[in-house]
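Going by the numbering used here, the first residue of the sequence shown is number 27, and it counts up by one from there. Beta carbons are placed, not taken as given, at the ideal position from N, Cα and C, and that holds for glycine. One structure is given here, and the rest of the page talks about it.
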Amino acid sequence: MKIVLNAIGGNSYTVTSAPLDNKKTENIITDPKIQQEISKLQATDSKVRAHEMAHQAAGGGFAGAPSYTTVKGPDGKEYAVGGEVPIKIVKGKTPDETIKNMRQIKAAALAPADPSPQDLKVAQTADLIASKAEQEKNQQNSNDTQTTHKIDFYA
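What follows is the structure, encoded as structure tokens:
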């Protein structure tokens with residue numbers, strides 16, 4: 027292909043280009059098996075990214091940035107096939123704060139529509155820690171009640 031450009035001042039420039047080899051690209055797009063594979067990868071990518079974003083959104087300050095495991099598709103693009111969001115399990119300064127933290131951590135773990143076994147394990151750990159904090163809180167309240175309602179009689 028040859029294109030002649032006339033510039034201001036009478037200068038002309040010739041641009042030569044080799045014809046495009048669309049044959050390889052057309053085969054990728056028109057081959058039904060490859061297109062099916064690309065569609066499958068696109069669906070998996072969307073599902074994985076939505077899953078990890080749900081964790082991150084619900085986790086707030088307890089959730090880190092998502093990281094993805096990717097594969098290169100037949101079209102040369104990278105597709106996410108797995109992922110993770112680190113969730114920090116942080117106890118609070120008080121039992122009430124710990125319970126609040128664990129509720130948010132559990133919500134982050136169970137945020138996706140299809141929690142993984144690891145997600146369920148994190149939720150279970152958060153429940154266990156919250157339960158212990160609840161026991162600690164009840165013990166403190168019991169001690170406070172005993173101390174508060176103690177009456178000394180003097181003769």
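>> Do His-81 and Ala-89 count as a contact pair if the criterion is CB distance below 9 Å?
In response: For the purposes of this step, residue 89 is identified with residue 63 of the sequence shown, where counting begins at 1. For the purposes of this step, residue 81 is identified with residue 55 of the sequence shown, where counting begins at 1. Going by C-beta atoms, Ala-89 is nearer than 9 Å to His-81.
>> Suppose only complete runs of 4+ residues qualify. What are the alpha helix (DSSP H) ranges in the region 97-181, listed by chain order?
In response: 121-135, 143-174
>> Quick check on the burial criterion: 16 or more other C-beta atoms within 10 angstroms. Buried or exposed for Asp-71?
In response: Counting from one through the sequence shown, the residue named residue 71 turns up at place 45. Buried, by the Cβ-count rule.
> Which whole-angstrom value describes the C-beta separation of Thr-124 and Ile-155, a residue pair presumed to lie in contact below a C-beta threshold of 8 Å?
Replying inline: As a working note, residue 124 is residue 98 in the sequence shown. As a working note, residue 155 is residue 129 in the sequence shown. Thr-124 to Ile-155, Cβ: 7 Å. Contact.
>> Cutting at 8 Å between CB atoms, please list the residues of its own chain near Gly-86, excluding the five before and the five after it.
In response: Translated into positions along the sequence shown, residue 86 becomes position 60. These residues qualify, in order along the chain: Gln-130, Ala-134.
> What is the DSSP secondary structure of Ala-69, reduced to helix, strand or coil?
Replying inline: Along the sequence shown, one-based indexing puts residue 69 at 43. Helix at Ala-69.
>> Using 8 Å for Cβ pairs, my map puts Pro-92 next to Val-116. What's the rounded Cβ distance?
In response: Here residue 92 is taken as the residue at index 66 of the sequence shown, counted from 1. Here residue 116 is taken as the residue at index 90 of the sequence shown, counted from 1. About 19 Å; that fails the 8 Å criterion.
> DSSP three-state call for Ala-91: helix, strand or coil?
Replying inline: In the sequence shown, counting from the first residue as 1, residue 91 sits at position 65. If DSSP states are grouped into helix, strand and coil, Ala-91 belongs with coil.
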